[in-house]
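Notes for the one structure printed next.
Residue numbers (the working numbering): 1487 to 1585.
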């Protein structure tokens, strides 16, 4: 699966979580199993945990420390919104850093 398809599937999972409370609770409780059910490829040895921002709690993600010049040049796209900052895109699953 290419990066674009992977990103689309992740977007579909997030949209489904916004619209289906029981799905969201399962995603938060057992992220890896739900991602697999939804056809999201998670590389072997990588663990993914879903967390939810609220009106009073915003998670700040600290990316991996850059290990190469290519990674150092990668962009972190953030949007400042009323509830905090939201990461727009990440291709780190493919070892390409943050885009």
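Yeah, the Cβ is synthetic: ideal placement off N, Cα and C, and Gly gets one too.
DSSP places residue 1521 in the helix class (H, G or I) of the three-state scheme.
Taking a contact to require three or more Cβ pairs closer than 8 Å, the stretch 1521-1534 and the stretch 1546-1554 do not qualify as touching. Residue 1527 and residue 1507 have their C-alpha atoms roughly 23 Å apart. Within the same chain, and ignoring the five residues on either side of residue 1510 in sequence, the residues whose Cβ sits closer than 6 Å to its Cβ are 1503.
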